[in-house]
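Residues 140 to 368, numbered by the working numbering, are exactly what the sequence shown covers, in order. Just so it is clear, CB atoms sit at the ideal spot from N, CA and C, and this is done for glycine as well.
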Amino acid sequence: MHPYSPSHLLLPNYVRNNVSALGLCSVMGSLIITVVGSTWMFARTGLSTTDKAIVCWFLISGLLHLLFEGYFLVYHATLLSRIDLPAQLWKEYAISDSRYLSEDTFVLAIERITVFLWGPLCLLAAAATAKSSYNRHALQMLGSTAHIYGCLLYIVTSWEEGHRHSRPEPYYFWLYFVGFNAPWIVIPSILIYRSFAQIAGAMKSAQELEENKASALVIADISLVPECR
140 MHPYSPSHLL
150 LPNYVRNNVS
160 ALGLCSVMGS
170 LIITVVGSTW
180 MFARTGLSTT
190 DKAIVCWFLI
200 SGLLHLLFEG
210 YFLVYHATLL
220 SRIDLPAQLW
230 KEYAISDSRY
240 LSEDTFVLAI
250 ERITVFLWGP
260 LCLLAAAATA
270 KSSYNRHALQ
280 MLGSTAHIYG
290 CLLYIVTSWE
300 EGHRHSRPEP
310 YYFWLYFVGF
320 NAPWIVIPSI
330 LIYRSFAQIA
340 GAMKSAQELE
350 ENKASALVIA
360 DISLVPECR
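Pasting the structure below:
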């Protein structure tokens with residue numbers, strides 16, 4: 140017997156978690172708070188509050204992709220029988236999406252892309268933002284677009300199958316499936332809008348500067364022409 144949907148799903152070697160859902164969420168929340176607090180404390184002096192928050196966001200995203208989702212890629216074949224903390228976290232989340240326990244090809248593919256591409260990209264975006272690099276907005280837009288696209292694919296594939304991999308209780312669907320994935324759509328959307336505005340503003344300023352330079356050159360040329368008597 141297992142708690143996953145659909146009920147007829149065959150999960151050999153399944154071992155039930157020995158830590159409660161509240162305990163697992165508390166541990167994960169504590170780890171995230173520790174990383175965010177440490178990053179905020181040691182962030183470069185002079186960095187704005189908004190940029191500090193963006194650094195924390197991309198750092199957390201990158202670490203989750205590389206470590207937590209990387210763990211899934213390494214141990215997905217034996218996840219059912221494992222009882223270490225990451226395995227229990229994955230088995231708890233899988234109540235809202237049993238594809239993570241059934242060797243689903245889409246989940247494996249999207250997680251490989253996330254771990255090997257989006258994880259490093261998030262860390263690059265965090266570092267560029269922390270250093271106020273000129274390419275930070277390009278990296279933020281690229282990383283945010285990747286998150287939105289990946290999440291939409293993940294959600295839509297489940298929707299096309301009638302969410303049959305999620306238990307029917309609203310708690311698991313709305314809190315686990317929707318609530319835990321929504322930040323990777325909402326926050327990236329805000330970051331894309333912000334970075335787009337910054338890049339567009341910089342391009343407009345550069346264009347106006349070029350136009351002013353051209354006008355100044357024309358005026359200078361006219362002033363050098365001798366007056367006709």
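{"Asked": "In three-state DSSP terms, what is SER344?", "Found": "helix"}
{"Asked": "Would HIS204 pass as a contact of VAL254 if the rule is Cβ separation under 8 Å?", "Found": "yes"}
{"Asked": "Could you name the residues of the same chain whose beta carbon sits closer than 8 Å to that of TYR311, not counting the 5 residues immediately before and after it, in chain order?", "Found": "ILE234, SER235, SER305"}
{"Asked": "Give a yes or no on whether the C-beta atoms belonging to LEU224 and VAL317 are separated by under 8 Å.", "Found": "no"}
{"Asked": "Is it the case that the Cβ atoms of ALA250 and LEU291 are separated by a distance below 8 Å?", "Found": "A small fix is needed here, since residue 250 is Glu in this sequence, not Ala. Their beta carbons are not under 8 Å apart, which means GLU250 does not touch LEU291 by this criterion."}
{"Asked": "List, from N- to C-terminal side, the alpha helix (DSSP H) runs of 4 residues or more that fit wholly inside the segment 160-223.", "Found": "160-181, 188-202, 208-214"}
{"Asked": "Spell out a yes or no on whether the segment 186-204 and the segment 259-272 are touching, meaning 3 or more CB-CB pairs, one atom from each, closer than 8 Å.", "Found": "yes"}
{"Asked": "What is the rounded straight-line gap between the Cα of SER169 and the Cα of GLU349?", "Found": "51 Å"}
{"Asked": "Return helix, strand or coil for TYR143, following the three-state DSSP convention.", "Found": "coil"}
{"Asked": "Could you tell me if PHE197 is buried or exposed, where buried requires 16 or more neighbouring beta carbons within 10 angstroms of its beta carbon?", "Found": "buried"}
{"Asked": "Which term fits GLN227, buried or exposed, when burial requires 16 or more other beta carbons within 10 angstroms of its beta carbon?", "Found": "buried"}
{"Asked": "Tell me which residue opens and which closes the alpha helix (DSSP H) that HIS286 is part of.", "Found": "275-299"}
{"Asked": "Mark VAL325 as exposed unless 16 or more other C-beta atoms lie within 10 angstroms of its C-beta, in which case mark it buried.", "Found": "exposed"}
{"Asked": "If you reduce the DSSP assignment to three classes, tell me which class ASN351 lands in.", "Found": "helix"}
{"Asked": "Leaving out five residues on either side along the sequence, give the residues of the same chain with a beta carbon under 6 Å from the beta carbon of ARG238.", "Found": "VAL246, HIS304"}
{"Asked": "Evaluate LYS352 with the Cβ neighbour count: other Cβ atoms within 10 Å of its Cβ, from every protein chain shown; 16 or more gives buried, anything less gives exposed.", "Found": "exposed"}
{"Asked": "Judging by CA-CA distance, which residue of THR217, GLY209, LEU240, GLY201 is the nearest neighbour of PRO142?", "Found": "LEU240"}
{"Asked": "Leaving out five residues on either side along the sequence, give the residues of the same chain with a beta carbon under 8 Å from the beta carbon of ILE252.", "Found": "GLY289"}
{"Asked": "Just the Cα atoms here: how many angstroms apart are HIS286 and THR217?", "Found": "27 Å"}
{"Asked": "At what residues does the alpha helix (DSSP H) containing PRO259 begin and finish?", "Found": "258-269"}
{"Asked": "CB-CB under 7 Å to ARG183, same chain, minus the five flanking residues each way: which ones, in chain order?", "Found": "ALA269"}
{"Asked": "How many angstroms separate the CA atom of PRO145 from the CA atom of TYR153?", "Found": "15 Å"}
{"Asked": "Exposed or buried, which one is GLY340 when buried takes at least 16 other CB atoms within 10 Å?", "Found": "exposed"}
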